[in-house]
Ligand SMILES: [Zn+2]
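Numbering (my numbering), first residue to last: -13 to 241.
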């Protein structure tokens, strides 16, 4: 009797898992169709990613860091990619056996780009008179207090519609991301930010694969220290590999 009950339980579990996996697949397919624009600068971006990985600027995420389970995450609200960010974090946390996950999103246009002071103080009729950077800082501070955590993950993504609005290359995006981290870190222990504030940077890529007709999504950790040390070398190598053109303009049109 007990054995047959266990069999029924296992059957129900497998059945539920199958429905969940199918639903996830359908969600992914809807996200893929929702995008639907050509990526003109794709080759450049792949080349740049390789250089970044080679020089240690882009690296693997650390699923054992505290910021995986307890964090405030600043991410772009782009609906084509946001769900992937959330699912990705939860799946990695579950994989490492986390029993409790605390995360709070601050999701405005551009994600961490909105925290870059130089970007938000430009003369730009679309963004004035509201200072997005101050709004984001205030929301990070509130979210840290609400969730009682000290870790912030600053995230940007490619392709990003906001980057395009500002005519930012991927290199520009990384520079603004690192500047945002340095700015936030400098506020530790001030204006209500915790003394032991920890800030981690990430970049999320969604690359359209012509062969499969699906998006390949990947998130990298971005080392601010390595970027500061290797930025000139990144630009030099990329320029050399790219026939003398230094800028990777985000040509993709994103809804
Ligand atoms: Zn975006």
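The beta-carbon is built from N, C-alpha and C at its ideal position, and this holds for glycine as well.
By the criterion of at least three beta-carbon pairs nearer than 8 Å, the segment 55 to 75 is not in contact with the segment 30 to 37. The Cβ atoms of residue 215 and residue 163 lie no closer than 9 Å to each other.
Selection 93, 183, 148 and 161 evaluated against residue 134 yields 183 as nearest (Cα-Cα). The closest CA to that of residue 191, considering only 181, 197, 157 and 203, is found on 203.
Contact between the segment 147 to 159 and the segment 75 to 84 is not established, with fewer than three Cβ pairs separated by less than 8 Å.
Along the segment 52 to 85, the alpha helix (DSSP H) occurs as fully enclosed runs of 4 or more residues at 68 to 81, listed in sequence order.
A straight-line Cα-Cα distance of about 20 Å links residue 201 and residue 44. Residue 96 counts as buried, since no fewer than 16 other beta carbons sit within 10 angstroms of its beta carbon. Runs of the alpha helix (DSSP H) lying entirely within the segment 117 to 166 and spanning at least 4 residues, in chain order: 118 to 133 and 147 to 151. Contact between the segment 161 to 179 and the segment 135 to 147 is present, with at least three C-beta pairs closer than 8 Å. Look at residue 64: its beta carbon is less than 8 Å from one of the heavy atoms in ligand 1. It is roughly 19 Å from the alpha-carbon of residue 228 to the alpha-carbon of residue 193.
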